[in-house]
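One structure is given below, encoded as C-alpha cells.
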Amino acid sequence: MTAIAANTSQTTVAVIGGGPAGLMAAEQLAQAGYTVEVFDAMPSVARKFLLAGIGGMNITHSEDYAQFVQRYGKASATLRPWLDDFTPDTLRSWIHDLGINTFVGTSGRVFPTDMKAAPLLRAWLHRLRTQGVSFHPRHRWIGWEQNNTGNAADQSWVFNTPEGDIERRFKAVVLALGGASWQRLGSDGRWCPWLSAAGVAVAPLVPSNCGFEVAWSAFIKERFGGTPIKHIALALTDADGNRWGKTGEFVVTEYGIEGSLVYALSAPLRDLILLGDNKRPPRLLLDWLPNSSHEQILAKLQQPRKGLSFASVLRKKLNLPAITGTLLRECCPQLDNNDAVAVAKAIKAMPIQPYATRPIDEAISSAGGVVLDAVTPQLMLKQLPGVFVAGEMLDWEAPTGGYLLTACFATGKRAGIGAVEWLQNTPA
Numbered sequence: 001m002t003a004i005a006a007n008t009s010q011t012t013v014a015v016i017g018g019g020p021a022g023l024m025a026a027e028q029l030a031q032a033g034y035t036v037e038v039f040d041a042m043p044s045v046a047r048k049f050l051l052a053g054i055g056g057m058n059i060t061h062s063e064d065y066a067q068f069v070q071r072y073g074k075a076s077a078t079l080r081p082w083l084d085d086f087t088p089d090t091l092r093s094w095i096h097d098l099g100i101n102t103f104v105g106t107s108g109r110v111f112p113t114d115m116k117a118a119p120l121l122r123a124w125l126h127r128l129r130t131q132g133v134s135f136h137p138r139h140r141w142i143g144w145e146q147n148n149t150g151n152a153a154d155q156s157w158v159f160n161t162p163e164g165d166i167e168r169r170f171k172a173v174v175l176a177l178g179g180a181s182w183q184r185l186g187s188d189g190r191w192c193p194w195l196s197a198a199g200v201a202v203a204p205l206v207p208s209n210c211g212f213e214v215a216w217s218a219f220i221k222e223r224f225g226g227t228p229i230k231h232i233a234l235a236l237t238d239a240d241g242n243r244w245g246k247t248g249e250f251v252v253t254e255y256g257i258e259g260s261l262v263y264a265l266s267a268p269l270r271d272l273i274l275l276g277d278n279k280r281p282p283r284l285l286l287d288w289l290p291n292s293s294h295e296q297i298l299a300k301l302q303q304p305r306k307g308l309s310f311a312s313v314l315r316k317k318l319n320l321p322a323i324t325g326t327l328l329r330e331c332c333p334q335l336d337n338n339d340a341v342a343v344a345k346a347i348k349a350m351p352i353q354p355y356a357t358r359p360i361d362e363a364i365s366s367a368g369g370v371v372l373d374a375v376t377p378q379l380m381l382k383q384l385p386g387v388f389v390a391g392e393m394l395d396w397e398a399p400t401g402g403y404l405l406t407a408c409f410a411t412g413k414r415a416g417i418g419a420v421e422w423l424q425n426t427p428a
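The opening position of the sequence shown corresponds to residue 1 in the UniProt record's numbering, with each subsequent residue numbered one higher.
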C-alpha cells in the first residue's frame, strides 16, 4: 500500500465515521479545545441517520429509565454507565439546545416536533463547524500502512480519496464506522479484519432487527405476499429456556416474515438459528387472538356451524382475517378442521418455522463487532492505546424505538470524553 500524499502532524485528533456516534465524539473533543477532523467514506455525513428520519425521526424513548436500560439485553450492565452519562432526558435537552423541539408519541417514543432528521443534523453540523471541526467526505479508511500495534500516534492511517490514497498520523483517533447494515449508506464492516489483525477481539457481525426466511408454499407467496397480520402475538423459547413474547403486527412476505413484531424477537430467534440445533429447530408461536382464552375460542368454535365453511367460521365467529385459514393449513398440515379443541389450540399457538435471517445488508442494525471486554471503561481499545470505539462498531444490540440511536449518542460521548482524558494525561 503506497500513500501518494502524507501529513505527519500529530496535533490533530481524528474521528473516522460521521454518524451520530462519531459526531458526538467530535463535539466532546472540540469543546475541550482540540483540533478535530472527521473523515467519512460517503459524500456527506450521517446518511443512515437521515434515511432513518424519513419515516419519522424516532430519537429516543420516554419509558422508565430502569426499563429503558434493560432493552439492551446482555449488554445492559456494561452500557449502563455510558447511558447514565447521556440518558434519554439528557439527549432531549441536548436536542433542545440545538433549537429543535421534541414530543412524546402515544407509544412513548420521542420525536423532533417536525418528525424530521435533516433540521437537527443541519443545526448540529453548524455548531460543530463553529467549534472548529472540519469534515473530509469521500475519505474511506482502508487500514494502516504498517499493521503495528503501538499508540494511535504511531499508526499511519491510510485513506482512499478521489485524488488517490493519502496517509495521515494523529494524536488520537475515535472509530465510529458502524456495523454492516445498509452498506450503501456507508456501514460495510470492512474494518473488522484490520482490527482483528491488530489483536482486537471482534465478534462476527450478524443481522439485528431483521426479517426471516420461511419456506412458504407457492400459494402463500403468490396470494398473500405482502399481507399484514395485526393485533396478534408472537412467542418463542430461547436456547436458555427463557420465553419471549410480544404483541403487535408483522407482514407475511414472499420470502418469509418482516415487521416490527418480528424485529422485537429477532435477537433470540437469530441466535436459535445460528445455534443450528436440528433436534430443536427455531419455532415462533403465533397467537391469533391474544385477548381471548382457549376456552372462549373453543366455545365459539363449538357453536352450530349452520352450513358455514371453516373459513367462514373463522371470519364470522372469531373475526379473523382471510389469511388465517390458509396459514393454519400451511403451518398445521395435520389439523382437522372439525376438531374444535385442536383448532382452538392451533389458533392460540400456530407454529411458524423460520430457517434463516435475511441478509445483513437489509437489516435495520447489526450485532457483533468489537467485544466489550476489548475496550476500557473509557472505550479505548486495550490493544491500541489512543484509539477509541463508539456506536454500532461495539458488540451490543437493541430493539427499534430510539434505543439504537440513544446508545450511539451515549457511546460517542463516552469515547470523545475518553479521548480527551487520555490526551490530557499523555505526554506530548
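The beta carbon of each residue, even a glycine, is placed where N, CA and C say it ideally should be.
- Inter-segment contact for the stretch 44-52 and the stretch 183-202 is present: three or more beta-carbon pairs are separated by less than 8 angstroms.
- Per the C-alpha coordinates, the member of Pro162, Gly276, Gly143, Ala415 positioned closest to Arg169 is Gly143.
- Cβ-Cβ distances below 8 angstroms link Thr253 to Gly211, Gly225, Gly226 in the same chain, with the five nearest sequence neighbours on each side left out; the list follows chain order.
- Here Arg358 is buried: its Cβ has 16 or more other Cβ atoms, across all protein chains shown, within 10 Å.
- Shown here, Val200 sits in coil according to DSSP, grouped into three states, outside any helix or strand.
- Glu213 is bridged by DSSP to Gly256, Ala356.
- Asp395 and Asp114 have their alpha carbons spaced roughly 32 angstroms apart.
- Linking Glu213 to Leu286 through their CA atoms gives a straight-line distance of about 16 angstroms.
- Under DSSP, the beta-bridge partners assigned to Lys246 are Leu234.
- CA-CA distance, Gln334 to Ser208, rounds to 34 angstroms.
- Straight across, the Cα-Cα distance linking Pro290 with Gly402 is about 26 angstroms.
- Listed as beta-bridge partners of Phe103 by DSSP are Phe111.
- Residues of the same chain with a CB within less than 6 angstroms of the CB of His139, apart from the 5 flanking positions on each side, are Phe39, Phe159, Thr161 in chain order.
- Under DSSP, the beta-bridge partners assigned to His136 are Phe39.
- Between Gly55 and the set Ser266, Val15, Ala118, Asn338, the nearest pair of CA atoms involves Ala118.
- By the neighbour-count criterion, in which 16 or more other beta carbons inside 10 Å mark a residue as buried, Gly386 falls on the buried side.
- Remark: C-beta atoms of Val251 and Pro228 approach each other more closely than 8 angstroms.
- For Ser365, the uninterrupted beta strand (DSSP E) run begins and ends at 365-370, by DSSP.
- A contact is defined here as three or more CB-CB pairs under 8 angstroms, and the stretch 17-37 meets this definition with respect to the stretch 408-424.
- Within the same chain, Cβ atoms closer than 7 angstroms to the Cβ of Ile417 are found at Gln28, the five residues on either side in sequence being excluded.
- Here Ala344 is not near Leu314, since their CB atoms are 8 angstroms or more apart.
- One thing to note: His231 has its Cβ no nearer than 8 angstroms to the Cβ of Glu258.
- In this structure, the alpha-carbon of Ser312 lies about 40 angstroms from that of Ile360.
- Trp124 has its alpha-carbon roughly 28 angstroms from the corresponding atom of Glu167.
- Runs of the beta strand (DSSP E) spanning 3 or more residues and lying entirely within the stretch 18-105 occur at 35-39, 102-104, in chain order.
- In this chain, Leu308 is not harboured by any beta strand (DSSP E), its DSSP state being neither H nor E.
- Secondary structure of Asp165 (DSSP, three-state): strand.
- DSSP, read as helix, strand or coil, puts Ala14 in strand.
- Thr130 counts as exposed, since fewer than 16 other C-beta atoms from the protein chains shown sit within 10 angstroms of its C-beta.
- Scanning Tyr255, Gln303, Arg305, Ala239 for the CA closest to the CA of Leu275 turns up Ala239.
- Here Ala176 carries a coil assignment [DSSP, helix/strand/coil].
- The Cβ neighbour count for Ser134, taken over all protein chains shown within 10 Å, is under 16; the residue is labelled exposed.
- Spatial neighbours of Ser293 in its own chain (CB-CB distance under 6 angstroms, excluding positions within 5 residues in sequence) are not present.
- Here the alpha carbon of Lys221 sits roughly 14 angstroms from the alpha carbon of Cys331.
- Ranked by Cα distance from Ala363, the first of Leu318, Gly179, Val173 is Gly179.
- Under DSSP, Ser208 shares a beta bridge with Ser365.
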